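Residue numbers (this note's numbering), protein chains in the order written: chain A, 279 to 555; chain B, 49 to 210.
Yeah, the Cβ is synthetic: ideal placement off N, Cα and C, and Gly gets one too.
Note that the structure is predicted; figures quoted are calculated from it, not measured.
Let me begin by presenting the structure, written as structure tokens, before commenting on it.
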């Protein structure tokens, strides 16, 4: 049970959503945008967040798009992870997002919510980091199209009143060879020790990680190491892991030492599956 | 659409339209149980983990503890009370697919949706779906047998059942 009260708004256009946010903000109601809402509800139940209003963006048409347009794949922010998997228009994304939570939860979790969330495990963002996708952000200053690398740094960096509308991916990435490996300690449905998503484009390996550090990431330094074919695979992997951009997670799912062990093996397997020797 | 903190909601549940006064902050699970008397959906973890509260929303299983009741507007909700003598319920009986029974409504709703959405489900799909629910009596094998028996009955050529 959520112990505090809040108001609920369900705008039917982007401009309405932005205007409602600004009005509520001026009233001191600290509104938050709401898509699948799974994380908001669980945090609210534990009193880890508080808001006096939520703005449900599920009725905004642009947020519900899932289609190819002009050689790009456009995915609206409120498309659920299950919908993505069932449609399977981007197999790498289907596979990576299929690791989040469990199947029934994924019927409610949205791709935008997973990317924008506070939880440290956000597998849905990995394919977009690999594919240099563009994101569409709406806010008081209008609508902007920016590279995901410009707005995703540990979390989605949006300004107050902005929200994620769509993710746009060049169609040339859809059919690339890919690997997704998700390792958990015991069961399939639990937080991962490591999730690696990787593609091979024009002979170069790209990798993105979740569950390794306290945020999902893609590291240019690690990719330089992994693509240095002048040294043996083992050396490439060990050098790459030395460039993990933050301390390895050390929590109930696994110690940092165990994570490093799992990461080393999983990264090696990933490269081998992509034909590296 | 704007909703103040408390309002009257028309909710479509089990083929009926029911009017309830709710708080925006109320979960669907809370309203089903406390206002509508539909206590088949069970509160377990209330954190989206255990699946005991699973209901169908437009035919898809949803954990009603992580859905606000206000989100149900315009959607068709089916709870365990809305299922009458379905093959899945009979299969749970025939395969002894429950022990204490607390998780059973959630499992049945999930399994009921599974065989309708994926009538050709293989073991991987079944296990992926069943991974959404927790049974502390550990009756998973029997539950899986129940699902397979319904799938087999839907497609007589299917010989998955043991």
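Practice task
Step through the CB atoms of chain A and report whether any lies within less than 9 Å of the CB of residue 199 of chain B.
Solution key: False, the Cβ-Cβ gap to chain A never drops below 9 Å.
Problem - Cβ-based burial, residue 62 of chain B [other Cβ within 10 Å; buried from 16] - result: buried
Problem - Alpha carbon of residue 356 of chain A to alpha carbon of residue 336 of chain A, nearest angstrom - result: Distance between the alpha carbons of residue 356 of chain A and residue 336 of chain A is about 6 Å.
Handout entry: Option in A:479, A:305, A:444 and A:541 with minimal Cα separation from residue 346 of chain A
Key = A:444
Handout entry: Meets three-Cβ-pair contact criterion under 8 Å: the stretch 99-109 of chain B and the stretch 132-143 of chain B
Key = no
Practice task
Under 8 Å Cβ to Cβ from residue 95 of chain B, same chain only, skipping five residues before and after it: list those, please.
Solution key: 113 and 114
Problem - chain B contact for residue 385 of chain A (CB, 9 Å cutoff) - result: yes
Handout entry: DSSP state of residue 52 of chain B mapped onto helix, strand, coil
Key = coil
Problem - residue 144 of chain B, buried or exposed, once every other Cβ within 10 Å from all chains shown has been counted against 16 - result: exposed
Handout entry: Pick from A:480, A:458 and A:370 that is closest to residue 470 of chain A, judged by C-alpha positions
Key = A:458
Exercise for the section: Decide if residue 376 of chain A is buried, meaning its Cβ has at least 16 other Cβ atoms within 10 Å, or exposed. Expected result: buried
Handout entry: The alpha helix (DSSP H) enclosing residue 41 of chain B, as first and last residue numbers
Key = Summary: the structure shown does not reach residue 41 of chain B, with chain B confined to residues 49 through 210, and so no result is reported for it.
Problem - Closer than 8 Å at the beta carbon, the chain A residues around residue 180 of chain B - result: 380, 381, 382, 383 and 467
Problem - Validate contact between the stretch 477-497 of chain A and the stretch 397-413 of chain A using beta carbons, cut 8 Å, 3 pairs - result: yes
Exercise for the section: Mind reading off the beta-carbon distance from residue 164 of chain B to residue 88 of chain B? Whole number of angstroms is fine, and I expect it under 8 Å. Expected result: Going by Cβ atoms, the distance from residue 164 of chain B to residue 88 of chain B rounds to 19 Å, so no, they are not a contact pair.
Problem - the stretch 437-455 of chain A contacting the stretch 296-309 of chain A, beta-carbon criterion three pairs below 8 Å - result: By the Cβ criterion, the stretch 437-455 of chain A is in contact with the stretch 296-309 of chain A, since at least three pairs of Cβ atoms, one from each stretch, lie closer than 8 Å.
Handout entry: Proximal residues of chain A, C-beta to C-beta of residue 189 of chain B below 9 Å
Key = Neighbours of residue 189 of chain B on chain A: none; closest Cβ ~16 Å, over 9 Å.
Exercise for the section: Could you tell me whether the Cβ of residue 279 of chain A comes closer than 9 Å to any Cβ of chain B? Expected result: yes
Practice task
May I ask you to report which of helix, strand or coil DSSP gives residue 494 of chain A?
Solution key: coil
Practice task
Mind listing the chain B neighbours of residue 503 of chain A? Cutoff is C-beta to C-beta under 9 Å, in chain order.
Solution key: Taking a Cβ-Cβ threshold of 9 Å, none of the residues of chain B is close to residue 503 of chain A; the smallest such distance is about 34 Å.
Handout entry: Identity of the residues DSSP links to residue 477 of chain A by a beta bridge
Key = A:456 and A:484
Practice task
Locate the beta strand (DSSP E) running through residue 104 of chain B, then write down its first and last residues.
Solution key: 102-105
Practice task
Evaluate contact between the stretch 544-554 of chain A and the stretch 66-83 of chain B, counting only Cβ atoms and requiring at least three cross-stretch pairs below 8 Å.
Solution key: no
Practice task
Name, in chain order, the residues that DSSP records as bridge partners for residue 61 of chain B.
Solution key: B:64 and B:125
Practice task
Just confirm the distance between the C-beta atoms of residue 409 of chain A and residue 451 of chain A, as a whole number of angstroms; I'd bet it's less than 8 Å.
Solution key: 4 Å
Practice task
Determine the DSSP secondary structure at residue 542 of chain A, reduced to helix, strand or coil.
Solution key: helix
Exercise for the section: Taking only beta-carbon positions, decide if residue 285 of chain A is within less than 9 Å of chain B. Expected result: yes
Handout entry: Pairwise C-alpha distance: residue 51 of chain B and residue 432 of chain A
Key = 34 Å
Practice task
Give a yes or no on whether the minimum CB-CB distance between residue 124 of chain B and chain A is below 9 Å.
Solution key: no
Practice task
Go ahead and pull the three-state DSSP assignment for residue 449 of chain A.
Solution key: helix
Exercise for the section: Flag this pair as yes or no: are the beta carbons of residue 495 of chain A and residue 525 of chain A separated by less than 9 Å? Expected result: no
Practice task
May I have the straight-line CA-CA distance separating residue 434 of chain A from residue 299 of chain A, to the nearest angstrom?
Solution key: 18 Å
Problem - residue 496 of chain A at chain B interface by Cβ criterion, 9 Å - result: Judged by the 9 Å Cβ criterion, residue 496 of chain A is not in contact with chain B.
Exercise for the section: Just the chain B side, please: which residues come within less than 8 Å of residue 315 of chain A by C-beta, in chain order? Expected result: 114, 115, 116 and 119
Problem - Sequence ranges, alpha helix (DSSP H) only - wholly within the stretch 334-406 of chain A, length at least 4 - result: 359-365, 369-375, 381-384 and 389-394
Problem - residue 352 of chain A versus residue 312 of chain A - alpha carbon distance - result: 20 Å
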